[in-house]
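A.B. asks:
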Amino acid sequence: MHPYPTYLNAGDNTWQLVSATLVGLMSIPGIAVLYGGLVQKRWAVNTLLMTFTGFSVVLVAWVLWTYDMGFGTPWHVGPGILNSMVGIPGQVVGHGMEQNQANIPLLSGAGLMPQFRFPQSTLVYFQFVFAAITPLLFMGSVLGRMNLKAWVPFVLLWSTFVYSVNAFLIWGGGYWAGKGAIDWSGGYVIHLAAGTSGFVAAAVIGPRLKRDREIAAPNNLMFVAVGAGLLWLGWNGFNGGDPYFAGANASTAVINTNLCAAAALLTWVLWDMFAGPQKKPTFLGGVNGMIVGLVAITPAAGFVDGTGALLMGLISSSIVWLAWNKLSKVRPFSKVDDAMGVVYTHGIAGLTGGLLVGFFANPDVIVYIGSGGTSSVSYRGLIYGHPWLVMLQLMTALTIIGWDAIVTFILLKIVGVFVPLRYTDEELELGDVAVHDEEVYPDERVLERVGRAGALASASKATSIHSAGGAGGGGGPDVALPPTGMTASTDETTWEGGGR
């Protein structure tokens with residue numbers, strides 16, 4: 001008796017499941033710890049709950065209808081791009097769906113890539129963790145004011161009408177995939193989408209309290225370090241799992257991922273030291289650089305060589321550093337309170353990486369050998385004599401930005417009809433104690449004064465609690481603690497009406 005289906009390769013299946021788990025750990029606890037350490041301590045519990053609820057909502061929707069919208073049979077709803085923009089919704093639960101050989105109809109089903117050597121359930125879960133992390137990334141734009149009651153339905157709708165379209169257009173064999181656009185692991189599908197939607201959401205929901213925008217300091221820098229480390233090493237699965245096979249191209253993607261991250265981190269620190277407002281290196285600046293490098297290499301990890309990865313780290317980190325420190329001072333960026341700077345570290349970084357792959361894609365870096373009746377599958381960038389790839393990447397990016405911005409705006413307005421998008425000013429004053437009856441660093445004095453039965457009695461009660469709160473990590477809701485935003489220096493970009 002053989003324990004495996006004839007199509008299954010144990011090594012490929014194991015690597016795919018390990019990669020998926022690594023990516024899942026980037027969300028829980030990675031983003032929960034990273035963002036939870038960056039926000040003011042009175043918003044840490046809210047950050048944790050938004051992370052875990054978002055992750056759960058996406059999974060339920062993913063297996064019931066959105067996976068097939070991103071990776072299923074095309075839904076022909078009109079001419080041109082509408083003919084291959086999204087898949088037909090459908091569920092992927094049940095023994096047949098879960099144990100049969102994995103298949104993406106327009107790719108493996110059409111002979112454009114090798115047949116998968118693992119079951120459909122492996123592919124579904126692997127793609128789920130990417131779908132889940134995307135709204136969690138742009139959650140960073142709206143922390144400290146978005147109502148959890150609005151967050152849950154918004155994530156459900158956003159995953160359905162935004163993420164699934166992005167995924168199908170590029171990864172599911174849709175319109176831009178058919179034209180030849182490339183995105184190895186989500187520079188556009190995930191990071192450009194997160195930066196765009198996060199920026200729009202921050203603009204629609206409005207800014208944090210003025211004092212929360214004026215000072216930037218994490219409530220726990222060690223948590224930030226743990227979260228950042230989980231992201232960096234988790235990215236080995238993020239990019240290493242996307243070939244779908246445990247082969248040489250997976251190894252190429254992993255080493256390129258780490259090279260680009262290291263180069264970008266060092267570049268950002270050097271910019272801080274020699275051109276920053278305080279001319280001092282900061283750990284948060286290093287984390288920014290690390291994330292920028294990881295994001296920038298994401299669309300390119302399996303298409304470039306190590307030299308290209310190092311250059312992409314240097315270039316992307318420099319561009320995003322300049323955007324963070326200069327572009328943030330002009331409209332519309334100066335008018336929008338993007339709490340964690342997601343539009344920079346994910347949006348601009350993802351766009352930069354997606355365009356740079358059009359320059360650095362190396363035709364000698366083989367993705368699939370002998371697939372589709374060809375000797376190899378690879379891509380040729382501008383420096384190797386193919387200028388058209390850059391234009392394809394640009395047009396694809398404009399599609400993602402336009403669709404995501406418009407649909408995100410519409411979805412927020414729809415959700416806002418039924419539930420407030422942001423907490424009341426009184427709730428914003430107290431944070432976790434008001435909206436959850438919990439604190440990440442519990443203080444019995446505060447919990448007793450607020451009361452377990454009611455989150456908030458009046459603004460006057462809020463004032464009395466503020467005056468009684470302590471300043472240490474174990475104190476009450478310390479209104480003097482600043483917002484977070486992963487700033488490159490202690491100098492804050494001016495936001496009209498307050499700090500950014």
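Counting in my numbering, the sequence shown runs from 1 upward without gaps. We put the beta carbon where it would ideally sit given N, CA and C, even for glycine.
Let me confirm a value: Gln99 is counted as buried when at least 16 other C-beta atoms fall within 10 Å, else exposed. Which label applies?
C.D. replies: exposed
A.B. asks: For Ala228, which of Gly313, Trp62, Leu294 has the nearest alpha-carbon?
C.D. replies: Sorting Gly313, Trp62, Leu294 by C-alpha distance to the C-alpha of Ala228 places Leu294 at the top.
A.B. asks: I'd like the list of long-range same chain contacts for Ser464, defined as Cβ closer than 7 Å, with 5 residues on each side in sequence excluded.
C.D. replies: Only weak support is given to the placement of Ser464: the predicted model assigns it a pLDDT of 41, under 50, and the value that follows is read from those uncertain coordinates. Taken in chain order, the list of residues that qualify is empty.
A.B. asks: Ser318 and Thr267 - do their beta-carbons sit closer together than 8 Å?
C.D. replies: yes
A.B. asks: If you draw a straight line from the C-alpha of Asp272 to the C-alpha of Met290, how long is it?
C.D. replies: 14 Å
A.B. asks: Look at Gly302 and Met26 and say whether their C-beta atoms are less than 8 Å apart.
C.D. replies: no
A.B. asks: Taking the beta carbon of Thr14 as the centre, do at least 16 other beta carbons fall within 10 Å, making it buried, or is it exposed?
C.D. replies: exposed
A.B. asks: Can you give me the start and stop residues for the alpha helix (DSSP H) that Ala434 sits inside?
C.D. replies: 432–436
A.B. asks: Could you round the C-beta distance between Ser316 and Gly353 to whole angstroms and report it? I think they count as a contact, below 8 Å.
C.D. replies: 6 Å
A.B. asks: Kindly indicate which three-state DSSP category Pro218 falls into: helix, strand or coil?
C.D. replies: coil
A.B. asks: With a threshold of 16 other CB atoms inside 10 Å of the CB of Lys41, please say whether the residue is buried or exposed.
C.D. replies: buried
A.B. asks: Around the C-beta of Thr424, are 16 or more other C-beta atoms found within 10 angstroms, so that it is buried, or is it exposed?
C.D. replies: exposed
A.B. asks: Measuring from the CB of Met146, is there a heavy atom of the ligand NAP at a distance below 7 Å?
C.D. replies: Looking at this structure, you won't find the ligand NAP or any other ligand, since it has none at all.
A.B. asks: Taking contact to mean at least 3 C-beta pairs separated by less than 8 Å, is the stretch 166–177 in contact with the stretch 138–152?
C.D. replies: Contact check between the stretch 166–177 and the stretch 138–152: fewer than three CB pairs, one atom from each, fall below 8 Å, which does not count as touching.
A.B. asks: Provide the residue span of the alpha helix (DSSP H) that contains Pro135, from first to last.
C.D. replies: 120–138
A.B. asks: Based on DSSP bridge pairs, tell me the residues matched to Met146.
C.D. replies: Arg422
A.B. asks: By alpha-carbon positions, which one of Trp388, Ser108, Ile414 ends up nearest to Tyr244?
C.D. replies: Ser108
A.B. asks: Secondary structure at Gly87, three-state DSSP: helix, strand or coil?
C.D. replies: strand
A.B. asks: Out of curiosity, what's the CA-to-CA distance linking Ile81 and Val269?
C.D. replies: Straight through space, the alpha carbons of Val269 and Ile81 are spaced by roughly 42 Å.
A.B. asks: If you measure between the beta carbons of Thr21 and Gly187, is that distance less than 8 Å?
C.D. replies: no
A.B. asks: Go ahead and pull the three-state DSSP assignment for Val377.
C.D. replies: strand
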